[in-house]
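1 is the number of the first residue of the sequence shown in UniProt numbering; add one for each residue after it.
Notes follow once the structure below has been shown.
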Amino acid sequence: MEKPLTIIDRLNVLNQNVDNESISENSYEFEQKVSSEKNVAHVKLRVTAEKSMFQSALGGIISCLGSAVGTGNIWRFPRILASHSYSTGALTFYIVWLIILFLWSIPIIIVEYSIGRFTRNSVTLAFCKFFGQKFFWLGGWMIAVVFFVSGYYPVILGWCLYYLYLSCTLPSLPTTEQAGLEIFTNYTQHSYWPVFTQILAVTLSGICLLGGIKWIERVNMVLVPLLLSIVIFTFGWSLTRQYAEVGIVFLFTPSWGSFLDPSMWIAAAGQNAFDTNAGMAVLATYSTFMSRDSRIVSYSFLIPIVNNVVSFFASITIFSTVFSTIIQTNPTATRSAIVRIIKTAGPGSTGLTFTWIPVLFSKVGIFGRVLCALFFLCLVFAGISSLLSLTQVHVLAMKDFNVPHRLAVGIALLASMIIGLPSAIKLEFLTNQDNTWGYGLIVSGFLFCLIVIIYGPNRYRRVLINDYGINDCNLSVIWIPVIAVLVPLQSIILIIWWIYESVTTDPNWYILTWDTLSTTLLE
């Protein structure tokens with residue numbers, strides 16, 4: 001029996017060089033060429049020939065969509081939108097968010113899909129293949145960012161589980177903002193229930209992960225369509241509420257003075273990363289289970305656009321509900337007063353969705369409780385599908401070094417549970433982590449584009465995308481300057497702009513508190 005390769009074996013540099021770039025698609029010569037191209041840095045790394053694949057193209061699409069659609073859309077997007085809304089309106093954030101989607105998220109997603117499908121390895125070994133063993137840490141950085149995100153993510157999933165329980169057991173749903181906020185505050189800040197629900201969330205995800213990619217695909221095929229159906233229903237119902245149009249007008253009213261606010265651009269980029277999984281290495285991981293005929297160029301546009309539509313619907317649902325409920329309760333409430341209420345729904349508006357969704361369903365009537373339970377059930381499903389994808393990044397990285405699947409799952413989940421405990425205990429810590437690793441994802445996006453730059457942008461487009469793919473759309477040359485120039489430039493400018501603005505506007509930027517620059521950089 002052949003002795004398994006050690007980590008050192010896998011990082012040994014071979015004395016070989018491949019310069020021949022001629023590719024004949026669907027031929028033996030092409031397959032031979034691909035074998036060499038997969039190791040462009042000439043590092044001895046195993047590609048698992050027997051790796052499981054998605055059973056259908058639809059299953060792959062739904063799984064990738066499920067990895068992105070979740071609490072990031074329904075919980076995080078409305079809270080980030082609320083945090084960066086001004087008294088005049090929120091349209092400016094929408095505009096920045098859409099710009100970032102097409103000029104930052106989608107280009108990075110194209111790179112992620114193509115790297116994963118081509119190398120069939122985790123991001124750590126994929127970076128070794130392009131840069132050599134000295135740059136192993138670049139892939140390690142991405143694994144670390146996803147690891148810290150997967151630490152606090154189960155806490156939010158635990159909130160969804162708790163609210164599912166409340167929807168079934170409360171004598172009646174809260175009908176006012178005060179009642180809804182009191183429930184959220186008592187749960188997250190005055191009890192240890194979040195620790196228990198976090199552990200429960202990790203356990204449920206572990207059960208699904210043990211079955212491998214086939215289980216993940218089957219679970220997502222049921223959960224994602226169900227979630228989308230509930231999101232569409234709640235969106236439509238919120239529009240029927242009295243005074244809902246006031247909230248919609250607020251969302252579509254610009255505040256042009258905020259357009260040059262660096263924190264808004266940073267927040268929009270970070271939110272896009274959470275919305276679409278751009279820069280998270282999740283799509284690079286899932287695409288390792290895709291074959292050559294997977295239409296990754298089409299997926300790179302379809303999935304993030306659909307995903308952001310879900311976020312858009314969620315924001316309208318929440319803001320319509322908030323404005324409708326507050327105005328009915330207090331007809332003299334001003335727009336500025338309502339915005340202040342939205343921003344005070346927990347630290348960083350963390351309780352916005354959990355405070356207001358039960359209030360919305362309390363107005364539905366006899367079926368309100370059932371719909372509220374279904375909503376949080378689907379949010380649980382969406383959270384599980386997203387947590388599965390985050391954990392799969394770590395599992396694949398360990399499996400690439402011959403760690404057995406079940407052991408890799410156990411290690412990843414236990415580590416996630418431990419690192420997430422502070423977020424479960426202290427809400428301010430969770431908010432800090434959510435903001436910090438939003439910045440980290442911007443750096444990760446830059447690193448993905450660095451692969452394209454080093455390998456050669458046109459060569460990358462031809463070899464890894466257009467020639468390697470079968471029955472897929474060819475990637476236009478127009479996207480080359482976007483990926484190789486615009487995305488890295490955006491990342492650098494945003495980070496420098498954010499640091500400069502933090503230093504010049506916050507005299508206490510160097511003090512270690514929850515939301516200062518020094519704390520973020522130290523983490």
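Cβ atoms here follow ideal geometry from the backbone N, Cα and C, with glycine treated the same way.
Everything numeric in this text was worked out from a predicted model, so none of it was measured.
Note the first and the last residue of the continuous alpha helix (DSSP H) segment covering residue i.
i, result
"N435", "427-455"
"N508", "Neither: N508 is in no alpha helix (DSSP H) and is coded neither H nor E."
"H394", "368-399"
"F274", "262-276"
"F289", "Here F289 belongs to no alpha helix (DSSP H), and DSSP marks it neither H nor E."
"L200", "193-209"
"A337", "335-343"
"W141", "136-169"
"V322", "296-329"
"G469", "No alpha helix (DSSP H) holds G469; DSSP gives it neither H nor E."
"Q189", "177-189"
"F252", "Segment: none, F252 is in no alpha helix (DSSP H) and carries neither H nor E."
"S362", "352-362"
"A484", "Neither: A484 is in no alpha helix (DSSP H) and is coded neither H nor E."
"S518", "517-522"
"F102", "Where F102 is concerned, there is no enclosing alpha helix (DSSP H), given that its DSSP letter is neither H nor E."
Going by beta-carbon coordinates alone, are residue i and residue j separated by less than 8 angstroms?
i, j, result
"R117", "S294", "yes"
"Y153", "F376", "no"
"I74", "A314", "yes"
"I296", "I61", "no"
"V282", "L427", "no"
"V123", "S416", "no"
"N458", "I493", "no"
"E501", "S263", "yes"
"S85", "R335", "no"
"V393", "V224", "no"
"T185", "P194", "no"
"G139", "L125", "yes"
"residue 524", "V111", "An answer regarding residue 524 cannot be provided, because it is not within the stretch 1 to 523 covered by the chain."
"A333", "I326", "yes"
"V322", "I305", "no"
"V246", "G420", "no"
"V463", "W265", "no"
"T355", "L181", "yes"
"G383", "L210", "no"
"R292", "I470", "yes"
"S362", "P174", "yes"
"L512", "I499", "no"
"V482", "L103", "yes"
Within 10 angstroms of the Cβ of residue i, are there 16 or more other Cβ atoms? Answer buried if so, exposed if not.
i, result
"T92", "buried"
"V370", "exposed"
"F367", "exposed"
"T436", "buried"
"V503", "exposed"
"K134", "exposed"
"L374", "buried"
"P507", "exposed"
"C208", "buried"
"F259", "exposed"
Taking C-alpha atoms, which residue in the options lies nearest to residue i?
i, options, result
"M221", "M142, Y468, L65, W497", "L65"
"C378", "L228, S502, I318, I110", "L228"
"G70", "F274, W97, I232", "F274"
"H190", "I419, A424, L447", "A424"
"T276", "A397, S300, A267, T253", "S300"
"A284", "S205, G351, A337, L447", "L447"
"A278", "G89, T234, L430, M142", "M142"
"V149", "G440, I511, V452, I496", "G440"
"A268", "G72, E182, N471, G206", "G72"
"I115", "V482, T520, N466", "N466"
"L239", "N307, I318, T176, W215", "I318"
"W237", "S320, L489, S298, P404", "S320"
"I411", "T253, V395, I100, F381", "V395"
"I357", "F233, P404, F429", "F233"
"C160", "L352, V219, K129, L251", "L352"
"P78", "Q271, Y192, W256", "Q271"
"T119", "S172, Q178, A397", "A397"
In the DSSP assignment, what are the bridge partners of residue i?
i, result
"G116", "DSSP, once it has assigned bridges, lists no residue as partnering G116."
"G279", "G279 pairs with nothing; no bridge assigned."
"Y86", "G89"
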